[in-house]
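J.: 0 is the number of the first residue of the sequence shown in numbering that gives the first Met the number 0; add one for each residue after it. Pasting in a structure now, in structure tokens, and then I'll have a few things to ask.
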Amino acid sequence: MGSFTIEGYGGVSVILRVPVRNPTEAIKQKVNGFIESNGYVSMEAENYTRSVDRPPVSWLRIPGLGRTLSGITPVPVTYPAQETAGDGPRLEYQVHLFCSGEIKIRAYLFPTLDFHYSGGLKYTISIDDEDLQIINIHEGATNRVWEQWLRNNINLQVSKHYADRPGDHTVKFWMVDPGIVLEKLEVVTGESKAIFLGPAESHYQSEAEGK
């Protein structure tokens, strides 16, 4: 825990205490990816580490769509659902965590109708090589929920995962249904407070930059 003092007029001062993490130089050099801070890692969708296409399916950036930067969606939108998501198109995001244990991944999605009338559009999410989780973005979506998505201009989906160790990890966002538009991903490791636009994007460092 660190602290700093703010001094004002009349000798009035306030001491602010903040959590500080100061890793050794050896650890700093090994950091690779978006870095955890304040209990979260936040990543804009378009700033993926790796994009995996499976022709004819590829990933399309939609500039200015959404609440912060842009949207990423698989195209063509007429392509059938990919039930074998483990070998399908995906986006990968390299992150560096300072903790292990249970985590959450928040996916910020553009509100999309179930235009296939298939019972809900789906995507798959995973971290490293864990079992894939299929998320139905329309599950339990009543008219009131849809109104809330439109009012907030976001469909927020949350999944639970497990990080087996501190260090580098890979978050993988897989296509199942076309039509899903990803705006942001957030890995929550602690008591991250809910923010309307989601937290600002985390600092990114490549391993080469750390040396």
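Quick reminder that beta carbons are idealized off the backbone N, C-alpha and C, glycines included.
May I have the straight-line CA-CA distance separating V74 from L196, to the nearest angstrom?
T.: About 26 Å.
J.: Of the choices K29, E6, G9 and S2, whose alpha-carbon is the least far from that of R16?
T.: Selected option, being the one with the closest Cα: S2.
J.: Residue range of the alpha helix (DSSP H) that Q147 falls in?
T.: It spans N142 to N151 - the alpha helix (DSSP H) in which Q147 sits, taken as one unbroken run.
J.: Please report the straight-line C-alpha distance between V170 and D130, rounded to a whole angstrom.
T.: So the two alpha carbons sit approximately 12 Å from each other.
J.: With a cut-off of 8 Å on the beta carbons, I'd call Q81 and F33 a contact; round off their distance for me.
T.: No, Q81 and F33 are not in contact; Cβ-Cβ is about 26 Å, not under 8 Å.
J.: Pull up the DSSP beta-bridge partners for S69, would you.
T.: Beta-bridge pairing links S69 to P62.
J.: Would you call S201 buried or exposed, if buried means 16 or more other Cβ atoms sit within 10 Å of its Cβ?
T.: So S201 counts as buried.
J.: How long is the line joining the alpha carbons of S12 and M42, rounded to whole angstroms?
T.: Distance between the alpha carbons of S12 and M42: 36 Å.
J.: Between the Cα of Y203 and the Cα atoms of Q132, T48, W173 and N151, which residue gives the shortest distance?
T.: If we check each option's Cα against that of Y203, T48 comes out closest.
J.: Check each candidate in E45, L59 and D86 and name the one with the smallest Cα separation from L68.
T.: Out of E45, L59 and D86, E45 has the C-alpha closest to the C-alpha of L68.
J.: Can you name the residues that DSSP bridges to D167?
T.: Beta-bridge pairing links D167 to H95.
J.: Beta carbon of V175, beta carbon of F109: below 8 Å?
T.: Taking 8 Å as the Cβ cut-off, V175 and F109 do not qualify as a contacting pair.
J.: Using 8 Å as the threshold, is the C-beta distance between R53 and G87 below it?
T.: Yes, Cβ-Cβ distance for R53 and G87 is below 8 Å.
J.: Taking DSSP's pairing of strands, which residues face Q81 in a bridge?
T.: Paired residues: none, contrary to the question.
J.: In terms of residue numbering, what span does the beta strand (DSSP E) encompassing S36 cover?
T.: Premise fails: S36 is in no beta strand (DSSP E) and is neither H nor E.
J.: Decide yes or no for the touch test of the region 101 to 108 against the region 152 to 165: beta carbon pairs closer than 8 Å, at least 3 of them.
T.: Contact holds: three or more Cβ-Cβ distances are below 8 Å.
J.: Going by beta carbon distance, what residues of the same chain come within less than 6 Å of T72, once the five residues before and after it are set aside?
T.: Only L59 and V180 meet the Cβ criterion.
J.: For P177, which residues in the same chain have their Cβ closer than 6 Å to its Cβ, ignoring the five residues on either side in sequence?
T.: Correct list, in chain order: P73, V76 and Y78.
J.: To the nearest angstrom, how far is the alpha carbon of L90 from that of S50?
T.: Spanning the two alpha carbons is a distance of roughly 5 Å.
J.: If you draw a straight line from the alpha carbon of D163 to that of G7, how long is it in whole angstroms?
T.: D163 and G7: Cα-Cα distance of roughly 46 Å.
J.: Thinking just about the alpha-carbon of each residue, which of S57, K183 and H95 is nearest to the one in V30?
T.: If we check each option's Cα against that of V30, H95 comes out closest.
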